[in-house]
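Enquirer: Chains W and L are the protein sequences, given in the same order. Under our numbering, the first residue of the first sequence carries the number 6, and numbering increases by one thereafter. Under our numbering, the first residue of the second sequence carries the number 1192, and numbering increases by one thereafter.
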Amino acid sequence: MSENREQLAEMADGLFAGLRGGEFDTFQTQIGEAGFGLLLVPESSEGFGGDWGDLATVMRLAGKHALAWPLGEHILAARLLHDAGRHADALTLLAGESSIPWGREAGDVLVERDGQILLVSGEVSAGESPAGEPRDMVAYDWDRAVPLGIEADLFGLIAFLRVCQTAGALDAALELAIEHTGQREQFGRPLSKFQSVQQSIALLAVEAAAANCAAQGAAAALDRFGHGGDARFEIGAAKLRSNIAIKVGAALAHQVHGAIGFTQDYPLHELTRRMMGWRSEGGNDAYWSARLGAQTLEWGGQGLWDQITRRTDPG
Amino acid sequence: MQTFAVHPFEAPENAQSIRSDLRAFLAQHQPDKDPVLRANCWTEFDPAFSQALGAAGYLGMLWPSQYGGHERLPLERYIVLEELLAAGAPVGAHWIADRQTGPLLLRYGTEEQREKYLPGFAAGTMYACIGLSEPGSGSDLASVRSSARKTDAGWVLSGQKVWTTGAHISHAMLALMRSEESSERQSGLSQFLIDLDLPGITIRPIIDMFGTHHFNEVFFDDVLVPHGALVGKEGEGWKQATAELALERSGPERYLSSHALLAAVIDSLGPDASAEVTATIGRLVSEMWTLRQMSMSVAAKLASGVDPVVEASIVKDLGNTFEQEMPLAIQAVLDADLADGSDLSRLLATLLQVSPSFSLRGGTREILRGIIARGLGLR
């Protein structure tokens, strides 16, 4: 981790922890003041000049603290607008699919239509994610859409955000599980001293590790190939793997918490409910397994290994 | 908290040339044998292949040149291992010597031991096996009963080791023996490097459930070994042996040893495969890709001098699970008749039978998860 990234992580960790349970508008002010929206905008344009690994770090922390704000969508929109020689005044968001988190709060939205990236606004009809957060449909006013003339894989980028958030959320669930089972006594000793509980938590740690490594691998591919879509293989592999991690990990986290983890008073639900929604966003298992499978069959058996290695080798 | 702090794998600049050199070597030396042997490839013994590999400089890659090593970088060696395993090369004969025994001698061995064994290990002409398990010990490796008694002439060894992979083709065994009489558990144990042609040693095959011979029982009947056979410090055997085990947890062999099946299935299918088969391939590839990220991250951490105990155990546990599930997942969707005699069916049938052992070898799933739990502060 670079020194810059370490500082960035510290700043994000503190800020997001402090925002827990707050108001949307407060978030907007504080996140704006901290300059997170400009994370991927180059320093020459007064941005932070971060890379995709930096974004992964910030989104991991957003996931860990269950940040209730469309941070990733905003960071990506600001970057793409910069690519197009523009900058965003209001809360511009990037939309990779039909519904948009906090669409009602958005100014303009970046969407892809017929292979073009457009800046557009529209009528919002309210919806809700499984976590109980706004997730709205927008009926776009295509007549007023502005083509940006840039290349980007919006859907893949949304998938990347969810993978990173999942990595953080699973680590947070693991932390809760360790804390809870260390404190809670049953049958005369802490739950964490039971071998079966230890084995469940170990398996949760394995899944959290898989999601974290998948996120980093996808970030490395984005750093290497850019956001035009060439990193789709790595992003897809990461999304598919993190969806498995959610399936296995969320169940284990709840298992070791017993009924306590199932209440609104206990913070585990903030993680579980979000993660369950993310499994659909940026492509579900069926979507990515079909894509990845088809790509692999095209490459062939030796070709798969050639591709996987060539895509990480220098040069 | 982050349990798996991801360490970036900075591949050496010459990564591609290492791969192409090795692929050229494999094209010349891949024995013209049954492709089924490429399944589970690091258990396949092929001394001729190991010698050729040693002669080409791919063994003892990190060791000092005075011992026949090649002083290459750890991540260069990692790339070589990846390529060998992905190709299903029969690396079983030299595997333990190159991966564990050699590094252990460099760390704890005497000058005499290094000079005696390392050049042969690096040449691919001498092989080693590990003597840890004993009858009744199972996963409880500290329950060692085999004894080493110190005499003026040397150490006298007696007892029995079991599940010893490759003892029948190995020149030496690195064994954990109880060197302090009536000591208990982890204390009073020492490691000895024992030449297997000494009088009093009997090696008997244990044939596994599908008829192949990898395992052995090894009996020590008052075997006299010189004082110089003691490795490291007397009584420190447990610490040394567990450090040795850590060397085997996170390498690419934890997710690539059965890669031949995945490659063969992909090649047999082509773009018109059913949606169900295609999706299964996609899912397996996503897991394999993720495991590679994880394994590379641990390799990078090891190369930087850190010993990531928890991360390595995580990779091993997940890798074992992946390799165990892969043949079953393929069987579940592939329209294959396991009796049709085709290479693919035989490959699949072989791995279906071997794969239940994948969560046992080199530490059972429960032991690994216990190590992870300890790392998380639960024990």
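Note that the Cβ used here is the ideal one computed from N, Cα and C, for glycine as well.
Bridge partners for Gly288/W per DSSP, in chain order?
Expert: Its beta-bridge partners do not exist; DSSP assigns none.
Enquirer: Does the beta carbon of Pro1265/L come closer than 8 Å to any beta carbon on chain W?
Expert: Taking Cβ atoms only, chain W never reaches closer than 8 Å to Pro1265/L, which makes this a no.
Enquirer: Just tell me which of Ala111/W, Met64/W, Ala207/W, Gln121/W has its CA closest to the CA of Ala150/W.
Expert: That would be Gln121/W, whose Cα lies nearest to the Cα of Ala150/W.
Enquirer: List the residues that DSSP assigns as beta-bridge partners of Trp1346/L.
Expert: Trp1346/L pairs with Lys1341/L, Val1416/L.
Enquirer: Does the count of Cβ pairs from the region 228-235 of chain W and the region 1465-1477 of chain L closer than 8 Å reach three?
Expert: Touching, no, given that fewer than three Cβ pairs across the two stretches are closer than 8 Å.
Enquirer: Tell me where the beta strand (DSSP E) around Gly127/W begins and ends.
Expert: Where Gly127/W is concerned, the enclosing beta strand (DSSP E) stretches over 127-130.
Enquirer: I need the boundaries of the beta strand (DSSP E) containing Ile1394/L, first residue and last residue.
Expert: Residues 1392-1398.
Enquirer: Can you list, in chain order, the residues of its chain with a C-beta nearer than 6 Å to that of Val1414/L? Leave out the 5 residues immediately preceding and following it.
Expert: Cβ within range, chain order: Leu1348, Leu1389, Gly1391, Ile1392.
Enquirer: Under a CB-based cut-off of 8 Å, is Thr31/W close to chain L?
Expert: So no, Thr31/W is outside the interface.
Enquirer: Do we get a CB-CB distance below 8 Å when we pair Ser1441/L with the residues of chain W?
Expert: Closer than 8 Å: no.
Enquirer: Quick one: complete alpha helix (DSSP H) runs, 4+ long, within the region 70-131 of chain W?
Expert: 76-88, all fully within the region 70-131 of chain W.
Enquirer: Just to confirm, are Gly68/W and Gly173/W a CB contact at a threshold of 8 Å?
Expert: In this structure, Gly173/W lies closer than 8 Å to Gly68/W by Cβ.
Enquirer: Compute the minimum distance between the beta carbon of Ile1321/L and the heavy atoms of the ligand FMN, and state whether it is under 7 Å.
Expert: Among the ligands in the structure shown, none appear at all, so the ligand FMN cannot be discussed.
Enquirer: Based on Cα-Cα distance, which residue from Lys1430/L, Leu1384/L, Gln1484/L lies nearest to Ile313/W?
Expert: It is Gln1484/L.
Enquirer: Indicate the three-state DSSP secondary structure (helix, strand or coil) for Ala1366/L in the structure shown.
Expert: Strand.
Enquirer: List the residues of chain L that Asp176/W touches, going by C-beta distances under 9 Å, in chain order.
Expert: Those within 9 Å of Asp176/W in chain L are Met1192, Gln1193, Thr1194, Phe1195.
Enquirer: Quick one: grab the DSSP three-state call for His232/W.
Expert: In this structure, His232/W counts as coil in the three-state DSSP scheme.
Enquirer: Can you give me the C-alpha to C-alpha distance between Arg1229/L and Thr31/W, rounded to a whole angstrom?
Expert: Taking the straight line joining both Cα atoms gives about 60 Å.
Enquirer: Does DSSP put Pro1547/L in a helix, in a strand, or in coil?
Expert: Helix.
Enquirer: If you drop the 5 nearest sequence neighbours on each side, which residues of the same chain put their C-beta closer than 8 Å to that of Arg65/W?
Expert: Taken in chain order, the residues that qualify are Cys169, Gln170, Ala172, Gly173, Asp176, Asn217, Ala220.
Enquirer: Distance cutoff 8 Å, beta carbons only. Does Ile155/W sit that close to anything in chain L?
Expert: No, Ile155/W lies away from the interface with chain L (no Cβ there is under 8 Å from its Cβ).
Enquirer: Would Gly101/W and Ile163/W qualify as a contact pair, given that the criterion is a beta-carbon distance under 8 Å?
Expert: Cβ distance < 8 Å, so Gly101/W and Ile163/W count as in contact.
Enquirer: Could you name each continuous alpha helix (DSSP H) segment of 4 residues or more that falls completely within the region 1440-1525 of chain L, going from the start of the chain to the end?
Expert: Runs found: 1444-1447, 1450-1460, 1466-1494, 1500-1524.
Enquirer: Can you tell me whether Asn1231/L is buried or exposed? The criterion is at least 16 other CB atoms within 10 Å of its CB, across all chains shown.
Expert: When all chains shown are included, Asn1231/L counts as buried.
Enquirer: Quick one, which residues of the region 1205-1218 of chain L are near chain W if we go by CB-CB under 7 Å, in chain order?
Expert: Listed by position along the chain: Ala1206, Gln1207, Arg1210.
Enquirer: Cutting at 6 Å between CB atoms, please list the residues of its own chain near Pro1226/L, excluding the five before and the five after it.
Expert: For Pro1226/L, where only same-chain residues beyond five positions count, the Cβ hits under 6 Å are Asp1534.
Enquirer: Check whether the region 1451-1465 of chain L touches the region 276-287 of chain W, taking contact to mean three or more Cβ pairs, one atom from each stretch, closer than 8 Å.
Expert: Because the criterion of three Cβ pairs below 8 Å is not met, the region 1451-1465 of chain L and the region 276-287 of chain W do not touch.
Enquirer: For Gly254/W versus Leu209/W, is the C-beta distance shorter than 8 Å?
Expert: For Gly254/W and Leu209/W, yes; Cβs fall inside 8 Å.
Enquirer: Taking one C-beta from the region 1395-1408 of chain L and one from the region 1374-1384 of chain L each time, how about it: are there three or more such pairs within less than 8 Å?
Expert: In short, these stretches do not touch, since the Cβ pair count stays below three.
Enquirer: Answer yes or no: does any C-beta atom of chain W fall closer than 8 Å to that of Gln1515/L?
Expert: Not an interface residue.
Enquirer: Alpha carbon to alpha carbon, what distance is there between Thr1481/L and Arg194/W?
Expert: For Arg194/W and Thr1481/L, the distance between alpha carbons rounds to 37 Å.
Enquirer: Between the alpha carbons of Tyr1258/L and Arg1552/L, how many angstroms are there, rounded?
Expert: Their backbone Cα atoms lie some 30 Å apart in a straight line.
Enquirer: In three-state terms, what does DSSP make of Tyr1249/L?
Expert: Correct three-state label for Tyr1249/L: coil.
Enquirer: Might you give, ordered along the chain, the residues of its own chain that have their beta carbon closer than 6 Å to the beta carbon of Thr1292/L, omitting 5 neighbours on each side?
Expert: Hits under 6 Å: Ala1319, Leu1365.
Enquirer: Comparing alpha-carbon positions, which option in Ile206/W, Lys252/W, Arg316/W, Asp141/W lies nearest Gly1568/L?
Expert: Checked all of Ile206/W, Lys252/W, Arg316/W, Asp141/W; the closest Cα to Gly1568/L is Ile206/W.
Enquirer: Going by DSSP, name the residue or residues bridged to Val151/W.
Expert: DSSP output for Val151/W lists Leu124/W as bridge partner(s).
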